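Protein chains: 2
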Amino acid sequence: MIKNDQPKDKIIDVARKLFASRGFEATTTRMINKAAGISEGALYYHFPHGKQEILDTIVQQGIESRVSLLAVSLTNSTTVTDIETQMMTLFDQLWQAFQSETSYQSFIITIRERMLLSDEQSHWLIDAIQQIQARLSQAFQNVEKLALNDSQAADNLAMIVMSIFQKVLYDELLIKNQRRLSADVRERVRQQIHFLLAPIQTTTN
Amino acid sequence: MIKNDQPKDKIIDVARKLFASRGFEATTTRMINKAAGISEGALYYHFPHGKQEILDTIVQQGIESRVSLLAVSLTNSTTVTDIETQMMTLFDQLWQAFQSETSYQSFIITIRERMLLSDEQSHWLIDAIQQIQARLSQAFQNVEKLALNDSQAADNLAMIVMSIFQKVLYDELLIKNQRRLSADVRERVRQQIHFLLAPIQTTTN
DNA sequence: GTCTATAATAGGATAGAC
DNA sequence: GTCTATCCTATTATAGAC
Chain A
1 MIKNDQPKDK IIDVARKLFA SRGFEATTTR MINKAAGISE GALYYHFPHG
51 KQEILDTIVQ QGIESRVSLL AVSLTNSTTV TDIETQMMTL FDQLWQAFQS
101 ETSYQSFIIT IRERMLLSDE QSHWLIDAIQ QIQARLSQAF QNVEKLALND
151 SQAADNLAMI VMSIFQKVLY DELLIKNQRR LSADVRERVR QQIHFLLAPI
201 QTTTN
Chain B
1 MIKNDQPKDK IIDVARKLFA SRGFEATTTR MINKAAGISE GALYYHFPHG
51 KQEILDTIVQ QGIESRVSLL AVSLTNSTTV TDIETQMMTL FDQLWQAFQS
101 ETSYQSFIIT IRERMLLSDE QSHWLIDAIQ QIQARLSQAF QNVEKLALND
151 SQAADNLAMI VMSIFQKVLY DELLIKNQRR LSADVRERVR QQIHFLLAPI
201 QTTTN
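One line per chain: the protein sequences are A and B, in this order. Read in the UniProt record's numbering, the first sequence has 63 at position 63, and its numbers run on one by one without any break. Read in the UniProt record's numbering, the second sequence has 68 at position 68, and its numbers run on one by one without any break.
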């Protein structure tokens, strides 16, 4: 994360912080100006359309950054030694995409100000989750160790895994306002994954 | 739902609608006055502390109403004929708690304006879900048909079931702004529940 | 208990100098 | 490209008549 000292980036940076902590409507242009160390007029030079344009820029940047972070790699191999471990790696990668202050803030803003955004902008998380889910389902089908009857079963398994992950994301980030992943929460996820996968693994481990 | 015509209730009613659709900060007292058909001064007679007091009242009422709606009944019997059916009934009950316009609106407000609320107020959903989860775990242990090794397993199963439900609630209500439960979404939940329970049911059906 | 009128302030946005 | 000064409107909240 290169801190660009250009005023435009500075404005985005302080505005993101303010929008995340106080909300878009409660943040005034004067607050942004003061925090960015610029004057009343300068803001409208960089963002002629004012506050809304700053919001759009923040949301758009955030989505782009997370989309690339969420392009997770799943080893499609049939010789996976530990599927559970791989699932936890996937979970950690997912969590990682919301770890940096910037990611976290723009995530909060994107969810909370959804009525000010386009459907496209507010649906990004569901879309991203669905894409990972599809690739997860594919990966499950290629794992011979799993006793899955058909592609429908793989779909269901992938959906359940993503539900477990997503519940944690929503609860911790959105409701509890908790950016750090506690060992406790992670352990509970691990146990659920273990419980879920154990009965459908073939006995020849 | 008795529509009370008292001005105080009318104010709460229109404010809830406005807060849900436009957000708290973007809603002015003038909008509320106009929509409620009262004058500038009347609002401050009923709510001396202004907008924030209205918000608190709405959130508090919403939590109380949902807490009672979420006091779901689980038949603790060991002779359950169809556990899957019972899970779907639970899901429908859960969904029902957010179905009425009033419930839906105050839910949206409670999540979105969480920075203006106390931790207690914003944690209610997680707490409610956890309570249902605990009773669900207990119920699972009492069902002989399920091949659950220990209480830990029942906990995990209950957590996974609630994750499946909660993901749907968040996605549909919060992100998609979709209050009606589509048959498609419900069917996907049913399949996941089936997939989850099938392998751990004893063969002697 | 509800009204009208208005005070006091803060909001977004712009003009024009430098 | 950045500043100061300011316009215009909207905001919350109150005073005082009825």
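Glycine included, every Cβ here is placed at the ideal spot set by N, Cα and C. If you're wondering where the values come from, they're calculated on a predicted model, not measured in any experiment.
Beta-carbon proximity of residue i to residue j, cut-off 7 Å
{"i": "F91/A", "j": "V189/A", "result": "yes"}
{"i": "I63/B", "j": "A15/B", "result": "no"}
{"i": "Q141/A", "j": "A154/A", "result": "yes"}
{"i": "A97/B", "j": "R66/B", "result": "yes"}
{"i": "T110/B", "j": "V59/B", "result": "yes"}
{"i": "I160/B", "j": "Q93/A", "result": "no"}
{"i": "K10/B", "j": "A42/B", "result": "no"}
{"i": "I12/A", "j": "T57/A", "result": "yes"}
{"i": "L197/A", "j": "I83/A", "result": "yes"}
{"i": "K145/B", "j": "Q201/B", "result": "yes"}
{"i": "K8/B", "j": "H46/B", "result": "yes"}
{"i": "I164/B", "j": "S163/A", "result": "yes"}
{"i": "Y170/A", "j": "Y104/B", "result": "no"}
{"i": "W95/B", "j": "L173/B", "result": "no"}
{"i": "P199/A", "j": "P199/B", "result": "yes"}
{"i": "R112/B", "j": "R112/A", "result": "yes"}
Delimiting residues of the alpha helix (DSSP H) encompassing residue i
{"i": "N156/A", "result": "151-169"}
{"i": "G23/A", "result": "No alpha helix (DSSP H) holds G23/A; DSSP gives it neither H nor E."}
{"i": "V143/B", "result": "Where V143/B is concerned, there is no enclosing alpha helix (DSSP H), given that its DSSP letter is neither H nor E."}
{"i": "S37/B", "result": "The displayed chain sequence assigns Gly, not Ser, to residue 37/B. Run containing G37/B: none; DSSP gives neither H nor E here."}
{"i": "G62/B", "result": "51-69"}
{"i": "E120/B", "result": "119-122"}
For residue i, three-class secondary structure by DSSP
{"i": "Q201/B", "result": "strand"}
{"i": "F98/A", "result": "coil"}
{"i": "S137/B", "result": "helix"}
{"i": "T75/A", "result": "coil"}
{"i": "R190/B", "result": "helix"}
{"i": "P7/B", "result": "helix"}
{"i": "T27/A", "result": "coil"}
{"i": "L90/A", "result": "helix"}
{"i": "K176/B", "result": "coil"}
{"i": "F107/B", "result": "helix"}
{"i": "F195/A", "result": "helix"}
{"i": "E84/B", "result": "helix"}
Residue i CB to nearest heavy atom of the ligand MN below 6 Å
{"i": "F165/A", "result": "In terms of ligand content, the structure shown is empty, and the ligand MN therefore cannot be addressed."}
Flag this pair as touching only if the region 24-36 of chain B and the region 18-33 of chain A have three or more C-beta atom pairs under 8 Å; answer yes or no. yes
Mind checking the region 158-182 of chain A against chain B and listing, in chain order, the residues whose C-beta falls within less than 9 Å of any C-beta there? M159, I160, M162, S163, I164, F165, Q166, K167, V168, Y170, D171, L174, I175, K176, N177
Interface residues of the region 109-129 of chain B facing chain A [CB-CB below 9 Å]: Answer set for the region 109-129 of chain B: I111, R112, E113, R114, M115, L116, D119, S122, H123, L125, I126, I129.
Taking any Cβ of chain A, which residues in the UniProt DNA-binding region "H-T-H motif" (28-47) of chain B have a Cβ under 7 Å from it, in chain order? none
Taking one C-beta from the region 117-125 of chain A and one from the region 122-130 of chain B each time, how about it: are there three or more such pairs within less than 8 Å? no
What are the residues of the region 190-201 of chain A that lie near chain B, defined by any Cβ-Cβ distance shorter than 9 Å? Taking 9 Å as the Cβ-Cβ cut-off against chain B, the residues of the region 190-201 of chain A that qualify are Q191, Q192, H194, F195, L196, P199, I200.
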